[in-house]
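> Provided herewith is a single structure, encoded as structure tokens, for subsequent inquiry.
Residue numbers (full-length UniProt numbering), protein chains in the order written: chain A, 1 to 432; chain B, 1 to 331.
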């Protein structure tokens, strides 16, 4: 009797273990199952997204319900995953050769690798009737060789978010329009006893914004494109970007201990600006939301200005740097997945999403749906942009993007010269 | 539940031989040995299959991919590069720095962390009020997860508002930038490591100390040995096996250190607290250079394996003879 019970326990544990292992392997595999059962009229579309916070979280739940009731037999499996966890999970799943039916993508080099591996469905013909509704700047990150592999749902840009009260205190009355004026403003802020800039040195990506924008202003967008194609970042324009950045870091404009600071942590970059301990930060359109999350928030004192022009540079001050979010389809996604994409990208649904304040316009003529005054400035700058550059750590293959982040971080910390930065990025680009 | 069942089995084996005894004893013994072999194989099989599947196969795959340039996508790797990943690794200052930093952590652990754990274990072995509470307190950090420890210490070592610098500020000292100063960050990391792991070693030493018969200490005292001599010539040699195991665990742990560093500093600033495991993660998951990351993991594995085998062969072998023999050998 005792033996029998023990055996039963062992069997139960074994069953649990096997079930657990099988469960682990099951992620992302429903694409095949869905297409297999399509003949019987029932389709499940697995949708991985990163909308884990309100208002979008419940907005999507609502839209999924609406879509399902209009399309009997189609089930949308809505899987929201936190940003970093999403990236880790997706890279594991793609390495095993699978993708969810619909998933969040940031376009650029990462998406290109997935396309080259044959994991992504091309949308050019399936979505031909509605691809033209998106603005060209928003579409850019998902197009390769004239073909479209994804559609945008959000687009934004990086610029300076600043504290108007601290600027006034330091006697800076108008936001700087040129790099010289910008350096002057930094000096005035320092003289007034204000920390000019908050930077998350631990996380590297916020630092690369400075170098990227300077390269855009000095060398120009075409030079950046050419450098990526030629694997050569040693042209004078890129070295000059480093030299200009060094002019800034030599003023020691960053908060105390910035090399160890995170971005959204309790003492990180966002909190430092949000609590009025630094006058500005160079950050994307999501900055005000993170300000409220990580600190007190600046309220009406919060302002936005674009990255200043650099005297004598080839780039225009209206070229913007940023990125957004988009949807890509797994190569085995059923037609219902395309149908769902069309639905959430429609003028009616997307406009409602923009009105929640969580997303920025990606469709033509949607700008007036933005209510927040600061985001409205961002949306207008985007609509009037003369050129668009995707985040370098997204636009280039992952290794090159990370090398940009790494080398620029070293430049800011003072351990690499502008020439060494240009050389290190070139070396990595050549080896890819 | 277990004891009665065990007793049953024992009784059965004890009553077994008489049944099989008699003229046919020899063939039955062979059959029994054969059946025993079958039983062993049967019981080992699940473990062996799992071991092969979850340990041996991944090692083989990692060694295989380390010879390719591969971004991890699209089926099997195709771009064979031979030993290029390894030559690149030993030319990379970050990786060479990893080795140097690993050696530093090992040295600090052996010279500071373990003696500290030993000292506290000896202290807590004395009769004193609240001994159990102290033991619990010192062991508590080990129970926390590495991630929680990391988050906790990023807050403690925050440049302005952090607890450490607030306390130093009260004493009128302008606190250092614990995690943001490249020349200080390894010391901070070691401090956190010590806080986290010394309790574990302390418990090992306490257990070892309690296994030493009291009579030995008393006999030495009668022979006129003072407290230090009793520790040096009686306790320490008898603790030898425990110390050797704790050194082993400490070294292997330092070689593979990842989660604590990842949460505290992510290897920064400018790679000054990066370990081999962090480098491997950076290349594998951030840069998608799976081939190179595999090569790093292979080197990590080889270092651990060589150390483990060498240590087993030359240091731990003495312990198989038992602690008493070791003492006799030293005398």
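Glycine included, each C-beta is placed from N, C-alpha and C at the ideal position.
Given the structure is predicted, the values throughout are model-derived calculations rather than measurements.
Please give the ranges of any alpha helix (DSSP H) in the segment 264-321 of chain B, keeping only runs that are unbroken, at least 4 residues long and fully inside the region.
The segment 264-321 of chain B contains these whole alpha helix (DSSP H) runs: 276-281 and 290-314.
> For residue 283/B, count neighbouring Cβ atoms within 10 angstroms of its own Cβ and tell me buried if that reaches 16, exposed if not.
Buried is the call here.
> Give a yes or no on whether the C-beta atoms belonging to residue 56/B and residue 257/A are separated by under 9 Å.
Cβ atoms of residue 56/B and residue 257/A: not closer than 9 Å.
> Below 8 Å on C-beta distance, what does residue 201/A contact in chain B?
Under the 8 Å cutoff, chain B gives 180, 268 and 269.
> Going by beta-carbon coordinates alone, are residue 200/A and residue 294/A separated by less than 9 Å?
Cβ atoms of residue 200/A and residue 294/A: not closer than 9 Å.
> For residue 375/A, which residues of its own chain have a beta-carbon under 8 Å away from its beta-carbon, when the five flanking residues on both sides are left out?
285, 288, 357 and 360.
> Nearest to residue 89/B by CA position, among 66/B, 75/B, 101/B and 77/B, is which residue?
It is 66/B whose Cα lies nearest to the Cα of residue 89/B.
> Suppose you measure from the CA of residue 318/A to the CA of residue 384/A; what does that come to, to the nearest Å?
When rounded, the distance between both Cα atoms is 8 Å.
> Give the secondary structure of residue 253/A by DSSP, where H, G and I count as helix, E and B as strand, and everything else as coil.
In the structure shown, residue 253/A sits in coil (DSSP, three-state: anything other than H, G, I, E or B).
> With 7 Å as the limit, tell me which residues of the segment 283-301 of chain B have their beta carbon closer than that to any beta carbon of chain A; keep them in chain order.
Going along the segment 283-301 of chain B in chain order, one finds 285, 286, 287, 288 and 289 with a Cβ nearer than 7 Å to chain A.
> Check residue 152/A in the structure and name its three-state DSSP category.
DSSP places residue 152/A in strand when its eight states are reduced to three.
> Would you kindly check if the distance between the Cβ of residue 196/B and the Cβ of residue 402/A is under 9 Å?
It is not a contact, given that the beta carbons lie outside the stated cut-off.
> Could you give the first and the last residue of the continuous beta strand (DSSP E) run that contains residue 46/A?
Segment 43-49, the beta strand (DSSP E) holding residue 46/A.
> Run the proximity test for residue 206/A: is its beta-carbon closer than 8 Å to any non-hydrogen atom belonging to the ligand SAM?
What this structure holds is no ligand at all, so the ligand SAM is not there to describe.
> Is residue 407/A near residue 421/A, with beta carbons less than 9 Å apart?
Their beta carbons are under 9 Å apart, which means residue 407/A touches residue 421/A by this criterion.
> In whole angstroms, what is the alpha-carbon distance linking residue 128/A and residue 50/A?
Cα to Cα, the separation comes out at about 26 Å.
> With a threshold of 16 other CB atoms inside 10 Å of the CB of residue 289/B, please say whether the residue is buried or exposed.
Buried, by the Cβ-count rule.
> So residue 136/A is in the beta strand (DSSP E); what residue range does that whole segment cover?
Taken as a continuous stretch (DSSP letters only), residue 136/A belongs to no beta strand (DSSP E), being part of the alpha helix (DSSP H) at 136-139.
> Give me the chain B residues within the contact set of residue 94/A, using Cβ-Cβ distance strictly less than 9 Å, ordered along the chain.
Near residue 94/A (Cβ distances below 9 Å), the residues of chain B are 72 and 73.
> Quick one: which chain B residues come within Cβ less than 9 Å of residue 86/A?
Near residue 86/A there are no residues of chain B at all, since even the closest Cβ is about 13 Å away, more than 9 Å.
> So, are the CB atoms of residue 333/A and residue 163/A less than 9 Å apart?
No, the Cβ-Cβ distance between residue 333/A and residue 163/A is not below 9 Å.
> CB-CB under 7 Å to residue 232/A, same chain, minus the five flanking residues each way: which ones, in chain order?
Cβ within range, chain order: 426.
> Could you give the distance in angstroms between the alpha-carbon of residue 111/B and the alpha-carbon of residue 141/B?
Taking the straight line joining both Cα atoms gives about 21 Å.
> Could you tell me which of 133/A, 139/A and 97/A sits nearest to residue 119/A, measuring between CA atoms?
Of the candidates 133/A, 139/A and 97/A, the one whose C-alpha sits nearest the C-alpha of residue 119/A is 97/A.
> According to DSSP, is residue 176/B helix, strand or coil?
Here residue 176/B sits in coil by DSSP.
> CA-CA distance, residue 103/A and residue 246/A?
Distance between the alpha carbons of residue 103/A and residue 246/A is about 39 Å.
> Leaving aside the five residues before and after residue 66/A along the sequence, list all residues of the same chain whose C-beta is less than 6 Å from its C-beta, in chain order.
Once the five neighbours on either side are set aside, residue 66/A has no close Cβ partner at all.
> Short of 9 Å Cβ to Cβ, which residues in the segment 250-267 of chain A face chain B?
Listed by position along the chain: 255, 256, 257, 258, 259, 260, 261, 262, 265, 266 and 267.
> Does any residue of chain D bring its CB to less than 9 Å from the CB of residue 394/A?
Structure shown: chain D not included; protein chains present are A and B.
> Closest to residue 266/B by C-alpha separation, out of 202/A, 267/A, 211/A and 320/A, would be which residue?
For the residues 202/A, 267/A, 211/A and 320/A, the minimum Cα distance to residue 266/B belongs to 202/A.
> Per DSSP, what are the beta-bridge partners of residue 60/B in this structure?
DSSP, once it has assigned bridges, lists no residue as partnering residue 60/B.
> Quick one: any contact between the segment 252-267 of chain B and the segment 408-416 of chain A, if contact means 3 or more CB pairs under 8 Å?
With the cut-off at 8 Å, the segment 252-267 of chain B and the segment 408-416 of chain A do not touch.
> Counting only the same chain and skipping the five closest in sequence on each side, list residues whose C-beta sits under 6 Å from that of residue 234/A.
Same-chain partners within the cutoff: 422 and 426.
> Quick check on the burial criterion: 16 or more other C-beta atoms within 10 angstroms. Buried or exposed for residue 136/B?
Classification of residue 136/B: exposed, given that the 10 Å Cβ count is below 16.
> Name the DSSP bridge partner or partners of residue 75/A?
Note: residue 75/A sits in a beta bridge opposite 44/A.
> Output, in chain order, the set of chain A residues within a Cβ distance shorter than 8 Å of residue 155/B.
Per Cβ cutoff of 8 Å: 266 and 267.
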